[in-house]
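Take a look at the structure set out below.
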Amino acid sequence: MTTDVDAAVAAGYVEFADREARGVSPAYERLAHAVARDGRLLALLGTVPAAKRQPNLLFAVVRLLGGPVEDPAAFGEFAAAHWPAVAAQLRTRATQTNEAGRCAALLPVLATLPQPLALLEVGASAGLCLYPDRYSYRYGDHRIGDGEPVLDCALTGVAPPARRPEVVWRAGLDLNPLDVTDPADAAWLDALVWPEHTHRRARLRAASTVAAADPPLLVRGDLVDDLPALAARAPAGATLVVFHTSVLYLVPAPRRAAFADLVRTLPGHWLANETPEVLGHGALPEPPDGTLHNVLALDGTPLAWTRPHGQAVTWFA
């Protein structure tokens, strides 16, 4: 018998397939639809907390455990047969996708702020988005910087940045910071990359090399309780930028609101890159298409639609 919980979980997997995976990851689109129809898996997912039932997390955990993700039937058999191990990982893991490509969406704003910058990322994972000054970018025919990784982004509605920012301090806040030099943490970061995305996997390795050579300050802590103390460590004379991307949807609404209230009281700027419902933006223009888009906002003012991995930015008119 299908329960209300089963139906809600199934609906979430269908939405993921249609809005996030379609046209981006055929394997995950197939898996998400298969899970939505699999009563056995829906019932098992109902035994873990609601926040731990999300497709990205389940698929990454199965990949981490060596399970198949290309064949939905084999995936279902593996997940059910190994459910105690899968459930244990679901309960302790979080979707800490550390996509350096998101820097390409942030750069058009970071390059215009008063330099130099002190960057503080909330939900930093391993801190790979703290290096917008070290990566190279390609906006169509416009190239910025050299070296690896090269971040490609389709930018429309605004001129591409003329330069990379000058960063004199970089710090991250996370409930469970990851270390790119730790094999277990590196394996989890790799598992979070979608199966067909060999370019993202190569980008992860290149960005990890950058971070390992000059590790950021990563602090284990809460985005409300511990943010002021970390922000106070930013050097004088630098513009503090507190930023986050695809993080706040994981935070309960009351805590999210407390964070938004707090970050507005800090000196400097607040740069957010989240889905539109997360921060409750008012009227927004129509997104470019029906796939999942984030809203890039500076100090609460929406500026552009962005794709989740930084692959496209559409500036508001």
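Numbering of the sequence shown is given in the numbering used here, commencing with residue 13 and proceeding in unit increments. The beta-carbon is built from N, C-alpha and C at its ideal position, and this holds for glycine as well. The structure presented is a predicted model; accordingly, all values stated were derived computationally and were not measured.
Annotation for Tyr143: Val222 place their beta carbon closer than 6 Å to its own, counting only its chain and skipping 5 residues before and after. In this structure, the beta-carbon distance from Asp238 to Trp282 does not fall below 7 Å. No Cβ-Cβ contact shorter than 7 Å links Ala72 with Pro80. CA-to-CA, the gap between Thr287 and Pro320 works out to about 9 Å. For Ser258, no beta strand (DSSP E) encloses it, and the DSSP letter there is neither H nor E. If only complete runs of 4 or more residues are kept, the segment 147-231 shows the alpha helix (DSSP H) at 195-203 and 210-225, in order along the chain. Gln323 and Ala117 have their C-alpha atoms some 8 Å from each other. If you draw a 10 Å sphere on the C-beta of Glu82, you find fewer than 16 other C-beta atoms in it, and that means exposed.
In the three-state scheme derived from DSSP, where H, G and I count as helix and E and B as strand, Ala248 is classed as coil.
The closest CA to that of Arg114, considering only Asp164, Leu132 and Ala225, is found on Asp164. Cβ neighbours of Arg103 within its own chain (closer than 8 Å, five residues either side excluded): Val60, Pro61 and Lys64. The DSSP-derived three-state label of Leu291 is helix. Distance from the CA atom of Asp16 to the CA atom of His94, rounded to whole angstroms, is 25 Å.
In the three-state scheme derived from DSSP, where H, G and I count as helix and E and B as strand, Val254 is classed as strand. Gln108 and Ser137 have their C-alpha atoms spaced approximately 6 Å apart. In the pairwise beta carbon analysis, the segment 172-191 is classified as touching the segment 144-158: at least three pairs are separated by under 8 Å.
In the three-state reduction of the DSSP assignment, His45 falls in the helix class. DSSP lists Leu185 as the bridge partner or partners of Val134. Cβ contact annotation for Arg182 (same chain, cutoff 6 Å, sequence separation greater than five): Leu131, Leu142 and Pro228, in chain order. Collapsing the DSSP output to three states places Asn68 in a helix.
In the DSSP assignment, Glu89 falls within the unbroken alpha helix (DSSP H) covering Pro84 to Ala93. Taking C-beta atoms under 8 Å as the contact rule, Glu133 and Ala218 fail to qualify, at a distance of about 19 Å. Going by beta carbons, Val236 and Phe271 fall inside the 7 Å limit.
Taking a C-beta distance under 7 Å as the contact criterion, Val179 and Asp226 do not qualify as a contact pair. Taking 7 Å as the cut-off, the Cβ atoms of Tyr25 and Trp206 do not count as close. Out of Gln127, Ala199 and Arg232, the CA that lies nearest to the CA of Leu216 is found in Ala199.
Nearest Cα to Asn285 within the set Leu296, Gly294 and Ala316: Ala316.
In the three-state reduction of the DSSP assignment, Val98 falls in the helix class. By the beta-carbon neighbour count (other beta carbons within 10 angstroms, threshold 16), Tyr147 is buried. Counting along the chain, Ala55 sits inside no beta strand (DSSP E); it lies in the alpha helix (DSSP H) bounded by residues Gly51 to Leu57. When secondary structure is reduced to three states using DSSP, Leu304 falls in the coil class, being assigned neither helix nor strand. One Cα belongs to Arg176, the other to Phe255, and the distance between them is close to 17 Å. Contact check for Ala112 and Leu140: beta-carbon distance about 5 Å, within the 8 Å limit, so the pair qualifies.
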